[in-house]
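Number of protein chains: 2
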Amino acid sequence: MSQERTEISQIGEFGLIEHLTKNIEIKQASSIVGVGDDAAVIDHFGKQTVISTDLLLEGVHFDLMYTPLKHLGYKSVVVNLSDIYAMNATPTQILMSVGLSNRFSVEAVTEFYEGVYAACEKYGVDLIGGDTTASQKGFMISVTAIGEVAPDKYVKRNTAQKGDLICVSGDLGGAYVGLLFLEREKKIYLESPGVQPDLEGESYVVGRLLKPEARKDIIEFLDDAELHPTSMMDISDGLSSEILHLCRQSQLGCVLYEEKIPIAEAMRNAAFKFEIDPTACALSGGEDYELLFTVSQADYEKLLLNEQISVVGYMTEPEQGTHIHTKGGNKHVITAQGWNHYKK
Amino acid sequence: MSQERTEISQIGEFGLIEHLTKNIEIKQASSIVGVGDDAAVIDHFGKQTVISTDLLLEGVHFDLMYTPLKHLGYKSVVVNLSDIYAMNATPTQILMSVGLSNRFSVEAVTEFYEGVYAACEKYGVDLIGGDTTASQKGFMISVTAIGEVAPDKYVKRNTAQKGDLICVSGDLGGAYVGLLFLEREKKIYLESPGVQPDLEGESYVVGRLLKPEARKDIIEFLDDAELHPTSMMDISDGLSSEILHLCRQSQLGCVLYEEKIPIAEAMRNAAFKFEIDPTACALSGGEDYELLFTVSQADYEKLLLNEQISVVGYMTEPEQGTHIHTKGGNKHVITAQGWNHYKK
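Those protein sequence lines, which keep their order, are chains A and B. Under the numbering used here, the first residue of the first sequence carries the number 6, and numbering increases by one thereafter. Under the numbering used here, the first residue of the second sequence carries the number 6, and numbering increases by one thereafter.
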């Protein structure tokens, strides 16, 4: 971080907005009016608009002790774009609101926005609006992402069919193990501030937590392969929690196979250091932002073209319930162990 | 407020969302997918999409000591719809995110949403998404409003022309004086908790603060009268601050006449009780959510049809600066005294 410190009060709210938005370049032809008016205007040229919003709060969703502000800005955008891709749509614009206490300088906010703009650049979306306000305490982020989809090509959660294959992109559980490492190092640091954090060899799992990516590539692959998922959602709360949503909303059951759940070697090794089961991390750990989707069995061959997609099970009649077959040959009922911010 | 108290942790995040959204009825044909998926889907049928977002924080934007939760829910929606109307567009959908500490029960959140739904009903907009999360402390609200406008019929801030008439809807300064009353009664209550608040006769100004309305009627009138404003914005920070934005963005100057600024009799009397100048309240008080717009002089006759519209001045060459002519015959430079959350 830069060593200079400019108080936000020195430049005021409008000065801050001007400072943060002056270099915006509009990339999307659909962005007609951007930052600087009461509202933004978008022309979707006959496409349908897809929209999603997330509220991220310091101390609940992120810890600034181990989250660099630039990464936080990047991630805040990415997690919202992930929701747009999960509808089989293409994100085009975002609105970004921040609440900031006087603990944050103009330099700190600038760093956060560097991450925001890096994500906008990478995913080709325009920042077209938002709100900036003081907060009494802490950092609050609200992101709204807008996307577009050809009429009726969006994919919902409640349209899976019996017999459909259950697919997962990438690998799961990494972000959760990354969080365990960072929490451990934070605890050590708080007890002995002189000790340098030891994250050697854990860059994969730490990166999964601090700098996730949205699966734009998977949506593009599905389109190129003319493979239309029958249902889809992103995995923000862990595979068990999400597959249960999908089953409930589609009024179906499912069977998952533990051995088919994609787990990265780096994650497996990291989980063993904490003496926890990698499969449990994949099922219950959150924040992987991979895609969970179902496809017709007739599309199985097409899936083989992409090694980033794993078939982990299939949808069943609702009467058959929701089960996972373990490597050891046992059968367990799937329970939601996803994150619940309100749990005590 | 109901006397029952159900902890949010008893029903969980998904239980809370289900409880708050189960009675939603979709009114807009354009709302294709609403609450319950990764994102909502909107079809604007060839119209342009207008979008705006606001972040409202307890202790900064509202004080729950004197703000009933139902009013807060109503106002949170209305202030955002006001931004959509200020683009000459019609709001169609909202997304509502809330961050809640464990101080808030399910009953309290339900009350807040009663206000949200009342505003949706009144303005004919659909609640189609949002986010619900725990907060460490306080109540946070993020609202995103979406609207539609016929192609290129939106009205920006930077398009006023020299000689245009400056118009204001309704009357100004009421919300600020209402705030002064509520802050006074709060202070008295904190010093002597037994004393009942004395707001007798102040229902007009208190109502202006706690239950503002967006000027849907003015937008409809302008459309019916075929009167296309040359520029427009809503008045959330006080007339001086807003007219300076409009002048700066349109690269023009202006002349305002104090005697033309619309002030309600009830506001004038209330201001005198605090020994403050009603004109100062109208110029610098925030949260009136009236519309400020400019029209061509050729449209003057049409304005006379609506007594809710006051002509308060005209736009000039930028070299002439930004001035107000007082009732006493003096001429002052207009200075922005609007609310700045970061000011110390």
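Quick reminder that beta carbons are idealized off the backbone N, C-alpha and C, glycines included.
Alpha helix (DSSP H) segment containing I266 of chain B, residue limits: Secondary structure note for I266 of chain B: it is in no alpha helix (DSSP H), with a DSSP letter that is neither H nor E.
Within 8 Å, do at least three Cβ pairs link the region 174–186 of chain B to the region 105–118 of chain B? As far as the Cβ criterion goes, the region 105–118 of chain B does not touch the region 174–186 of chain B, which means the pair count is below three.
Is the region 91–106 of chain B touching the region 18–25 of chain A in the sense that three or more CB pairs, one from each, lie closer than 8 Å? As far as the Cβ criterion goes, the region 18–25 of chain A does not touch the region 91–106 of chain B, which means the pair count is below three.
Using the DSSP secondary-structure output, state which residues sit across from T138 of chain B in a beta bridge. Its beta-bridge partners are B:G104.
Can you pull the chain A residues whose beta carbon is under 7 Å from the beta carbon of S102 of chain B, in chain order? Within chain A, the residues near S102 of chain B are T58, L60, S147.
What are the start and end residues of each continuous beta strand (DSSP E) run of 3 or more residues lying completely inside the region 33–91 of chain B, in chain order? Scanning the region 33–91 of chain B for uninterrupted beta strand (DSSP E) segments of 3 residues or longer gives 36–38, 45–48, 53–62, listed from N- to C-terminal end.
Straight-line Cα distance separating S14 of chain A from H250 of chain B: If I take the Cα positions, the gap works out to 19 Å.
Using a beta-carbon distance below 9 Å, is E63 of chain A in contact with chain B? Among the residues facing chain B, E63 of chain A is included, as its CB has a counterpart in that chain under 9 Å away.
Give the single residue among A:E207, A:Y319, A:G39, A:S35 whose Cα lies nearest to the Cα of A269 of chain A. Scanning A:E207, A:Y319, A:G39, A:S35 for the CA closest to the CA of A269 of chain A turns up A:E207.
For K191 of chain A, does the three-state DSSP call read helix, strand or coil? Helix, per DSSP.
Closest Cβ-Cβ distance between P234 of chain B and chain A: below 9 Å? False, the Cβ-Cβ gap to chain A never drops below 9 Å.
At what residues does the alpha helix (DSSP H) containing H24 of chain A begin and finish? Here the alpha helix (DSSP H) through H24 of chain A covers 13–26.
Three or more C-beta pairs under 8 Å: does that hold for the region 211–229 of chain A against the region 321–329 of chain A? Because the criterion of three Cβ pairs below 8 Å is not met, the region 211–229 of chain A and the region 321–329 of chain A do not touch.
May I ask you to report which of helix, strand or coil DSSP gives A165 of chain A? For A165 of chain A, the three-state secondary structure derived from DSSP is coil.
Taking just the CA atoms, how far does P96 of chain B sit from I151 of chain B? Between the C-alpha atoms of I151 of chain B and P96 of chain B there is a straight-line separation of about 6 Å.
Residues near S7 of chain A in its chain [Cβ-Cβ closer than 7 Å; skip 5 each side]: Because the pLDDT of S7 of chain A is 49, which lies under 50, any placement of that residue in the model is unreliable, and the number read from its coordinates should be weighed accordingly. Only E112 meet the Cβ criterion.
Going along chain B in order, which residues have a C-beta closer than 8 Å to the C-beta of G135 of chain A? Ordered by position in chain B, the residues that pass the 8 Å Cβ test against G135 of chain A are T58.
Residue range of the alpha helix (DSSP H) that K221 of chain B falls in? K221 of chain B -> alpha helix (DSSP H) spans 221–229.
9 Å Cβ cutoff, K336 of chain A in contact with chain B: So, not an interface residue.
Please confirm if R108 of chain A has its CB atom under 9 Å from at least one CB of chain B. Not flagged as an interface residue toward chain B: R108 of chain A, since no C-beta distance is shorter than 9 Å.
Using a cut-off of 9 Å between C-beta atoms, extract the partners of A287 of chain A located in chain B. Those do not exist, as A287 of chain A stays about 20 Å from chain B at its closest Cβ, beyond 9 Å.
Mind checking the region 22–50 of chain B against chain A and listing, in chain order, the residues whose C-beta falls within less than 9 Å of any C-beta there? S35, I37, V38, G41, D42, D43, A44, A45, V46, I47, D48, H49, F50: these are the residues of the region 22–50 of chain B whose beta carbon lies less than 9 Å from some beta carbon of chain A, given in chain order.
Counting contacts by CB-CB distance shorter than 9 Å, is M70 of chain B in contact with chain A? No, its Cβ sits nowhere closer than 9 Å to a Cβ of chain A.
Would you say the region 280–288 of chain A touches the region 307–322 of chain A, given that touching needs at least three Cβ pairs under 8 Å? Too few Cβ pairs lie closer than 8 Å, so no.
Within 10 angstroms of the Cβ of G343 of chain B, are there 16 or more other Cβ atoms? Answer buried if so, exposed if not. Only weak support exists for where G343 of chain B lies, its pLDDT of 49 falling under 50; the value from the coordinates is given anyway. Result: buried.
Taking contact to mean 3 or more Cβ pairs, one atom from each stretch, closer than 8 Å, check whether the region 29–36 of chain A and the region 123–133 of chain A are in contact. Enough Cβ pairs lie closer than 8 Å, so yes.
List the residues that DSSP assigns as beta-bridge partners of G152 of chain B. DSSP output for G152 of chain B lists B:V55, B:P96 as bridge partner(s).
With a cut-off of 9 Å, does the C-beta of A139 of chain B fall near any C-beta of chain A? Interface residue, yes.
Measuring alpha carbon to alpha carbon, tell me which of A:L297, A:V121, A:L62, A:K75 ends up nearest I224 of chain A. When each option's Cα is compared against that of I224 of chain A, the closest is A:L297.
Could you check which residue in B:D48, B:I89, B:N107, B:K265 has the C-alpha nearest to that of V317 of chain B? Taking V317 of chain B as reference, the option from B:D48, B:I89, B:N107, B:K265 with the minimal CA-CA separation is B:K265.
Considering only heavy atoms of the ligand GTP, does any lie closer than 8 Å to the CB of S106 of chain A? Absence of the ligand GTP is noted for the structure shown, with no ligands found whatsoever.
By the 10 Å Cβ neighbour count, where 16 or more other Cβ atoms means buried, how is D42 of chain A classified, buried or exposed? Buried: at least 16 other Cβ atoms inside 10 Å.
Taking only beta-carbon atoms, is A113 of chain B less than 9 Å away from chain A? Taking Cβ atoms only, chain A never reaches closer than 9 Å to A113 of chain B, which makes this a no.
Chain-order list of residues whose beta-carbon lies under 8 Å from that of T54 of chain A (same chain, five-residue window excluded): Leaving aside the five residues that flank T54 of chain A on each side, the residues in its chain whose CB is nearer than 8 Å to its CB run, in chain order, I47, I151, G152, E153.
Could you check the C-alpha separation between I191 of chain A and E295 of chain B for me, to the nearest Å? It is Lys, not Ile, that sits at residue 191 of chain A in the sequence shown. Their backbone Cα atoms lie some 50 Å apart in a straight line.
Chain A partners of Y128 of chain B, CB-CB under 7 Å? Within chain A, no residue comes near Y128 of chain B; the closest Cβ sits about 15 Å away, beyond 7 Å.
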